[in-house]
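Structure first, then comments.
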Amino acid sequence: MNFIPDNVSKHDNVFDVLKERGFIEQCTNEEEIKELLGKEKIKFYIGFDPTADCLHVGHFMQVIIMMYMQKYGHTPIVLIGGGTGMVGDPSGRTDMRQMMTTETVQNNCNAFKKLFDKFLDFDNEWVYTGGDGKTIGKASANKEPDPGKAICVNNASWLMNLNYIEFIRDIGRHFSVNNMLRAECFKQRLEKGLSFLEFNYMLMQAYDFMVMARDIDCKMQFGGNDQWSNVLQGVDLTRREVDKQVYGMTFSLLTTSEGIKMGKTQKGALWLNAEKTTPYEFYQYWRNVADPDVNKCLRMLTFLPMEEVERLSSLQDAEINKAKEVLAFEVTKLVHGEEEAEKAQEAARAAFSGGGDMSNIPTTKMAAADFDGDGMGIVNLIKMLKLVPSNGEGFRTIEGGGLLINDEKVTNPKMMVTKDMFKEGAIIIKKGKKTFHKVEI
Numbered sequence: 342m343n344f345i346p347d348n349v350s351k352h353d354n355v356f357d358v359l360k361e362r363g364f365i366e367q368c369t370n371e372e373e374i375k376e377l378l379g380k381e382k383i384k385f386y387i388g389f390d391p392t393a394d395c396l397h398v399g400h401f402m403q404v405i406i407m408m409y410m411q412k413y414g415h416t417p418i419v420l421i422g423g424g425t426g427m428v429g430d431p432s433g434r435t436d437m438r439q440m441m442t443t444e445t446v447q448n449n450c451n452a453f454k455k456l457f458d459k460f461l462d463f464d465n466e467w468v469y470t471g472g473d474g475k476t477i478g479k480a481s482a483n484k485e486p487d488p489g490k491a492i493c494v495n496n497a498s499w500l501m502n503l504n505y506i507e508f509i510r511d512i513g514r515h516f517s518v519n520n521m522l523r524a525e526c527f528k529q530r531l532e533k534g535l536s537f538l539e540f541n542y543m544l545m546q547a548y549d550f551m552v553m554a555r556d557i558d559c560k561m562q563f564g565g566n567d568q569w570s571n572v573l574q575g576v577d578l579t580r581r582e583v584d585k586q587v588y589g590m591t592f593s594l595l596t597t598s599e600g601i602k603m604g605k606t607q608k609g610a611l612w613l614n615a616e617k618t619t620p621y622e623f624y625q626y627w628r629n630v631a632d633p634d635v636n637k638c639l640r641m642l643t644f645l646p647m648e649e650v651e652r653l654s655s656l657q658d659a660e661i662n663k664a665k666e667v668l669a670f671e672v673t674k675l676v677h678g679e680e681e682a683e684k685a686q687e688a689a690r691a692a693f694s695g696g697g698d699m700s701n702i703p704t705t706k707m708a709a710a711d712f713d714g715d716g717m718g719i720v721n722l723i724k725m726l727k728l729v730p731s732n733g734e735g736f737r738t739i740e741g742g743g744l745l746i747n748d749e750k751v752t753n754p755k756m757m758v759t760k761d762m763f764k765e766g767a768i769i770i771k772k773g774k775k776t777f778h779k780v781e782i
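Using my numbering, the letters of the sequence shown map in sequence onto residues 342 to 782.
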């Protein structure tokens, strides 16, 4: 398994690669970290809470960082938060996360691992067998993982069995409430209300780092820039409790040039699972990014050499669309494979040119009876297809001339879609310049 071409970088130290491609935001000690990554092959971790049964594109940048680290011989630890997922991370949130049952959390954990297997080379024979919260000072994995192979742990194995009184006495005493309240991850929640449940999250994440440093010699934690406060607490707790020097590094969040998180679509998150977001929809998202975001996406979400990234992102006016095609193809290829990327690209080109193979554009099959008699109102139809979020938006789209059926502009928002409009059992709906949807009966 090797997604990363040998010519992706001229650097010998992965730190320089991550720096050059614009990932790194903050480090606990930049000089020491660079030296460490240059002279040793270390174990490092990134945590992923199973808040859904699929990874989304916000996770994907963290996965890419793990792929770079593994390419340079370091050992990724994928920490799946079966324990922390029961509480929910308040970082970057304006409201409390929905509580999940134990069964839902476990099912989501299992689904996460299957997706990680697509991107990282795991030592699946390695099993973490410790984590009872009391074996401080004892290594408890059954064997060392194969060098450079990724390993997977679930923090439920050490968090779920903790004795609360012991945890608060042994771990809670190291945390200053005053310092915690100054942390960015809590600040935006204080006005609307921060539950005590969520307030514990920082202790749990710090404890994760300490346990892995203690048991499997994990030396670094990586995370998004919104995790900086939690990372610092983990470094401090590990020093205090087990007398080990560990390090933290955070990365840029995947945001547009306007500071808005990428990966939000009209249908919700941009998922990495083809059943939730089709390869065509995934491809189209990247094909349609704003011009100022092309360079960042090429740097962070593809493995193209930096010379090619700079060449493509320097294209001007209509030529920049060529760069967007490359971006969309490369990211789709990484997530869904080359064959699906080619199908998506062909479908996109066919849709925009008005010919060719359109079999891979998003398709909804409906009963012919839905269009009997007077048929179905066009606004109801496009709302049901999630092309618009509301009836009002549907009316505005049509009144603004932004909706076509079979290449004919819809001018009447009260138009009824009837069975005789289907050509060979299908109609093609086009919303705006970039969104296509086929309805089959």
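Idealized CB from N, CA, C, for every residue including glycine. Since the model is a prediction, treat every value here as computed from it, not as a measurement.
DSSP three-state label for residue i, please.
{"i": "residue 362", "result": "coil"}
{"i": "residue 777", "result": "strand"}
{"i": "residue 395", "result": "coil"}
{"i": "residue 480", "result": "Note on residue 480: pLDDT 40, under 50, position unreliable in the model; the coordinate value appears next. Reduced to three states, the DSSP call for residue 480 is coil."}
{"i": "residue 447", "result": "helix"}
{"i": "residue 702", "result": "coil"}
{"i": "residue 465", "result": "coil"}
{"i": "residue 475", "result": "At residue 475, the pLDDT of 45 sits below 50, so the modelled position is not reliable and the matter cannot be decided from this model."}
{"i": "residue 562", "result": "strand"}
{"i": "residue 574", "result": "helix"}
{"i": "residue 492", "result": "strand"}
{"i": "residue 586", "result": "coil"}
{"i": "residue 351", "result": "coil"}
{"i": "residue 684", "result": "helix"}
{"i": "residue 674", "result": "helix"}
{"i": "residue 707", "result": "coil"}
{"i": "residue 772", "result": "strand"}
{"i": "residue 356", "result": "helix"}
Buried or exposed, going by whether 16 or more other CB atoms sit within 10 Å of the CB of residue i?
{"i": "residue 347", "result": "exposed"}
{"i": "residue 755", "result": "exposed"}
{"i": "residue 613", "result": "buried"}
{"i": "residue 742", "result": "exposed"}
{"i": "residue 406", "result": "buried"}
{"i": "residue 497", "result": "buried"}
{"i": "residue 625", "result": "buried"}
{"i": "residue 495", "result": "buried"}
{"i": "residue 781", "result": "exposed"}
{"i": "residue 703", "result": "buried"}
{"i": "residue 537", "result": "exposed"}
{"i": "residue 772", "result": "buried"}
{"i": "residue 708", "result": "exposed"}
{"i": "residue 739", "result": "buried"}
{"i": "residue 505", "result": "exposed"}
{"i": "residue 478", "result": "Confidence is the limiting factor: at residue 478 the pLDDT is only 37, short of 50, which leaves the residue's position unreliable and the question unanswerable from this model."}
{"i": "residue 705", "result": "exposed"}
{"i": "residue 710", "result": "exposed"}
{"i": "residue 684", "result": "buried"}
{"i": "residue 474", "result": "No answer about residue 474 holds up, because its pLDDT of 44 lies below 50 and its placement is not dependable."}
Of the residues the options, which one's Cα is nearest the Cα of residue i?
{"i": "residue 655", "options": "517, 632, 677, 402", "result": "632"}
{"i": "residue 398", "options": "673, 764, 350, 667", "result": "673"}
{"i": "residue 553", "options": "375, 536, 579", "result": "579"}
{"i": "residue 787", "options": "745, 753, 757", "result": "With the chain covering only 342 through 782, there is no way to say anything about residue 787."}
{"i": "residue 459", "options": "689, 508, 408, 365", "result": "408"}
{"i": "residue 770", "options": "663, 723, 350, 573", "result": "723"}
{"i": "residue 393", "options": "583, 344, 453, 562", "result": "453"}
{"i": "residue 415", "options": "455, 441, 353", "result": "353"}
{"i": "residue 358", "options": "762, 556, 640, 740", "result": "640"}
{"i": "residue 659", "options": "611, 629, 620", "result": "629"}
{"i": "residue 351", "options": "644, 442, 675", "result": "644"}
{"i": "residue 620", "options": "651, 565, 688, 566", "result": "688"}
{"i": "residue 775", "options": "499, 527, 623, 403", "result": "623"}
{"i": "residue 611", "options": "376, 402, 371", "result": "402"}
{"i": "residue 790", "options": "380, 445, 364", "result": "Nothing about residue 790 can be reported from this structure: the residues present for the chain run from 342 to 782 only."}
{"i": "residue 548", "options": "365, 501, 686, 525", "result": "501"}
{"i": "residue 565", "options": "345, 366, 349, 778", "result": "366"}
{"i": "residue 390", "options": "371, 413, 441, 411", "result": "441"}
{"i": "residue 737", "options": "748, 752, 746", "result": "752"}
{"i": "residue 373", "options": "364, 666, 356, 604", "result": "356"}
{"i": "residue 541", "options": "571, 555, 561", "result": "571"}
Task: Whole runs of the alpha helix (DSSP H) within the region 511-555, excluding any shorter than 4 residues - done: 518-523, 525-531, 537-540
Task: Uninterrupted alpha helix (DSSP H) stretches inside the region 588-634 (no shorter than 4 residues) - done: 620-628
- [ ] Mind listing, in chain order, the continuous beta strand (DSSP E) runs of no fewer than 3 residues lying wholly within the region 712-770?
- [x] 744-746
Task: beta strand (DSSP E) runs contained entirely in the region 379-425, provided each spans 3 or more residues - done: 384-389, 416-421
TODO: Could you tell me whether the region 436-455 touches the region 413-427, where touching means 3 or more Cβ pairs closer than 8 Å?
DONE: yes
- [ ] Please confirm if the region 584-592 is in contact with the region 367-386, defined as three or more CB-CB distances below 8 Å between the two stretches.
- [x] yes
TODO: Determine contact between the region 661-680 and the region 727-735, defined as no fewer than three beta-carbon pairs at a distance below 8 Å.
DONE: no
Task: Complete runs of the alpha helix (DSSP H) confined to the region 638-668 [at least 4 residues] - done: 647-654
Open item on the list: Counting beta carbon pairs with one atom in the region 567-578 and one in the region 506-517, are three or more of them shorter than 8 Å?
Closed with: yes
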